[in-house]
Structures are given as C-alpha cells and as structure tokens.
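Comments concern the structure below.
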Amino acid sequence: MSRAFVKETDGEDLYDSLPDRPIDPRPNLVTAEGLAQIEEAIARLLAARGEAESKNDRAALAESARDLRYWQARRASAELMPTPDSDAQTRFGHRITLRRDVGGLVVWHIVGIDEADPAQGRLSYVAPLAQALLGKRVGDEVDLGKQGMAEIVAISAL
-14 MSRAFVKETD GEDLYDSLPD RPIDPRPNLV TAEGLAQIEE AIARLLAARG EAESKNDRAA
46 LAESARDLRY WQARRASAEL MPTPDSDAQT RFGHRITLRR DVGGLVVWHI VGIDEADPAQ
106 GRLSYVAPLA QALLGKRVGD EVDLGKQGMA EIVAISAL
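Taking our numbering as reference, the numbering of the sequence shown is continuous, increasing by one, and the terminal residue is 143.
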C-alpha cells in the first residue's frame, strides 16, 4: 500500500478527542460537603484551564476541559439531600457505627457517588453495604459478607 496519502501524526491530534468521563445514570444525591467538593473541583479546573491556555498546553487544556464538563454536569444534576433530622433509622447522610463479630468497631458515612471514598469511611449510597444499611436501626444486624455479621451500635447525622 502506498503511503503517499496517509497522514502521519505527531500525537497532537490525540488531545482533540479525549473521551468524556462516564456519568453515572443514577440520581446524583449529594451531601452539603459533596456539593462543596463539586464547586471546589470546578474552581480548580477553571484555573487549570486558564493556565493551560496561557501555556498553550493542548494536553492539559483537553484534560481540564473534559474534567470540567464532567463536574459541571454533576453540579447541574446534583440533588442536595437534607441532613437527616432523626437518628431512628439509617438514611443518606448518616454516620453508622458497626460492631463487627471480628475486628471491633467500624464507622461508615453514607454519601453520594462522587463523594465515596471507602478508605476514608465514606460509602456511596448505591454500594451494596450502604443498601444493606439503609432503613436499619440501632441493634439491627447486617451481613458484611466475608467479614461476617455486624451490629449497628450508633446512628448519627453529622
């Protein structure tokens, strides 16, 4: 095959078509802290975009533009959930303390999808464990799968 009509690429065109970050189709429920995190991400990305424009950095510009589209869409779809007004049963926004059969106490905070960080004890409301916790009361037991059973010992709003 002749290479006479084949365009050689220098890699620059790769930045023109970064795929958008996938957006979860489920409701975008957020805590007040989660909404603040979205606003901070947008502000940070607007600054990054300005810096990339000033340096004519196409890679950084494409990345910041893609991420900005994501966070602006997440802000537009955000549903700020009120802080739970009762600690009678677990709901979105609650902090739940569990006593495990093995391993002592563990605390989970049920938050929005983008806020989730299991290493920090923040569990997305769509996670199976969060689903198992929702609607439970102090004294109820929850199956943690491989980690055994756990009893809810405290429920609190932040």
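Heads up, the beta-carbon is just placed ideally off N, CA and C, and yes, glycines get one too.
Discussion item. Pull the bridge partners of W93 from the DSSP assignment, please.
Written reply: I81
Worksheet item: By a C-beta neighbour count over all protein chains shown, 10 Å radius and 16 as the cutoff for buried, is A135 buried or exposed?
Response: Classification for A135: buried.
Discussion item. Report the CB separation of V111 from G19 in whole angstroms; it is logged as a contact under 8 angstroms.
Written reply: Between V111 and G19 a beta carbon distance of about 14 angstroms is seen, past the 8 angstroms cut, so the two are scored as non-contacting.
Worksheet item: For S49, which of helix, strand or coil comes out of DSSP?
Response: helix
Worksheet item: What did DSSP end up calling S109 once you bin it into helix, strand or coil?
Response: In this structure, S109 counts as strand in the three-state DSSP scheme.
Worksheet item: So, I137 versus I81, is the Cβ gap smaller than 8 angstroms?
Response: yes
Worksheet item: For the segment 116 to 135 against the segment 72 to 90, are there 3 or more C-beta pairs whose distance is under 8 angstroms?
Response: yes
Practice prompt. Let me know the secondary structure DSSP gives I137 once reduced to three states.
Written response: strand
Fill in: Span separating the alpha-carbon of E48 from that of E100
21 angstroms
Worksheet item: From G124, G130 and K131, pick the residue whose C-alpha is nearest to that of I140; which is it?
Response: G124
Practice prompt. Using only alpha-carbon positions, find the residue among I27, Q74, G133 and S71 that is nearest to A61.
Written response: Selected option, being the one with the closest Cα: I27.
Practice prompt. Tell me whether S109 is buried or exposed, calling it buried when 16 or more other Cβ atoms sit within 10 Å of its Cβ.
Written response: Label assigned to S109: buried.
Worksheet item: Do you know offhand how far E64's Cα is from I98's?
Response: 12 angstroms
Item to complete: Determine the extent of the alpha helix (DSSP H) in which L65 is found, giving its start and end residues.
Response: Where L65 is concerned, there is no enclosing alpha helix (DSSP H), although the beta strand (DSSP E) it sits in stretches over A63 to L65.
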